[in-house]
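Accompanying notes for the structure given below.
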Amino acid sequence: MENDFEPLVSIIILNYNGGKLLVDCVESIYNSDYKNFEVIIVDNFSKDESHKECKKKFKQVTLINNLENLGYCEGNNVGIRRARGDFLVILNPDTIVEKNWLKEFLVAFNKNGEGLYQPKILVTTQKNMLFSTGNMIQLFGFGFSRAKGEKDNKQFEYDEEVGYASGTCLFTSSKIMKKIGNFDSFLFAFHDDLDLCWRGRLMEIKSYYAHKAIIYHPFEGYSFKWSPFKFFLMERNRLYCLMTHYKRTTYFKILPSLILIEAAVTLFHIKKKMFGVKLKANFDIIKNFKKINARYNTIQSKRKISDREIIKKFSDEISIPPWVVEKSSNNLFNKILVNLSKMSRRII
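Printed below as a string of structure tokens:
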């Protein structure tokens with residue numbers, strides 16, 4: 001029976017070959033000191049038995065088996081549609097949660113108001129290393145995790161509004177999710193959380209970092225590998241968000257800067273031997289122009305504030321980890337970004 005003082009929270013975990021990590025994640029959830037929740041595992045056509053093992057060990061789990069890999073966006077939407085709770089958590093299957101995480105989310109929600117929230121995310125194997133203390137949106141559509149890879153010296157021990165909440169663990173109310181709309185299934189994966197929170201921001205729904213809600217996530221570091229498919233999705237989806245979230249007048253004002261940024265991004269792809277992937281991303285945008293235009297109209301119809309107001313919370317620079325781009329290239333790219341961003345701010 002639902003406790004009047006503890007609203008039901010629906011925890012949605014999208015799984016794809018999660019292995020033991022999934023079982024460990026769910027086990028940590030059931031060790032929470034907040035008890036009024038349901039766990040919904042949406043399995044995206046895994047080849048391993050992780051979802052079955054989890055259901056066997058935790059019989060109270062709701063297991064949904066997709067007949068194909070629907071991607072991050074639509075996979076989570078399946079779980080959202082099944083959820084019964086007043087609140088929702090979108091949680092990665094490779095995370096571990098602290099006992100008081102849900103209570104702290106609710107405290108932050110009640111203090112700061114309706115919005116989209118993320119926890120303090122630490123590294124699973126190095127609990128004094130930060131993974132994310134709130135994600136940031138750069139003016140030209142790049143997204144990044146603030147303080148990723150930095151030592152946790154308690155420098156982010158306060159709640160605050162951020163650019164967007166990380167999809168690694170995203171907490172909100174069912175009411176807010178319904179108001180914004182679910183994840184955009186066209187994106188498939190990557191930039192999905194940025195897209196959701198930017199859409200929310202257009203509707204005056206803010207994103208927050210809740211520092212007392214703590215979870216742990218693996219950290220790839222120098223073992224990180226870029227796949228062509230990930231390159232494609234990240235770049236296509238960045239362009240998609242720029243074209244659907246900014247007003248057309250804004251987009252054309254910053255178009256000269258965007259063209260220069262595109263040249264720099266293309267050089268980056270050439271260096272990574274991914275030029276073909278970059279071309280594919282650009283052509284996919286052209287191919288889906290009608291769909292993008294329809295999406296633009298839908299998003300803009302819900303707009304409540306101007307782009308000038310929205311970009312106040314956007315960053316001029318981005319944080320690129322050294323295992324992705326060497327320091328010299330990072331510094332040069334950021335110098336270009338900052339100068340073009342400042343120029344663009346003056347005309348938006």
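The opening residue of the sequence shown carries number 1 in full-length UniProt numbering; numbering runs sequentially from there. Glycine included, C-beta positions come from ideal geometry on N, C-alpha and C. Computed from a prediction, not measured in an experiment: that's the story for all the values here.
query, result
"Would you call residue 294 buried or exposed, if buried means 16 or more other Cβ atoms sit within 10 Å of its Cβ?", "exposed"
"Report the residue from 271, 45 and 48 whose alpha carbon sits nearest the alpha carbon of residue 231.", "271"
"Give the single residue among 24, 100, 168 and 128 whose Cα lies nearest to the Cα of residue 144.", "168"
"Is it the case that the stretch 239 to 246 contacts the stretch 131 to 143, given that we only count it when at least three CB pairs across the two stretches are under 8 Å?", "yes"
"In angstroms, rounded to a whole number, what distance separates the CA positions of residue 48 and residue 180?", "34 Å"
"Under a three-way DSSP split, which group does residue 118 fall into?", "strand"
"Per DSSP, residue 209 forms a beta bridge with which residues?", "118 and 160"
"Going straight from the alpha carbon of residue 311 to that of residue 55, what length do you get?", "44 Å"
"Per DSSP, what kind of secondary structure is residue 191 in: helix, strand or coil?", "coil"
"Quick one: which unbroken alpha helix (DSSP H) runs of 4-plus residues sit fully inside the stretch 85 to 143? Chain order, please.", "101 to 112"
"Measure the C-alpha to C-alpha separation of residue 336 and residue 23 and round it to an integer number of angstroms.", "45 Å"
"State buried or exposed for residue 205, treating a residue as buried only when at least 16 other CB atoms are found within 10 Å of its CB.", "buried"
"Cβ atoms of residue 137 and residue 253: under 7 Å apart, would you say?", "no"
"Using DSSP with H/G/I as helix, E/B as strand and the rest coil, what is residue 80?", "helix"
"With respect to the beta strand (DSSP E) encompassing residue 15, which residues constitute its N-terminal and C-terminal limits?", "9 to 15"
"Any idea if residue 113 is buried or exposed, counting beta-carbon neighbours within 10 angstroms, 16 or more meaning buried?", "exposed"
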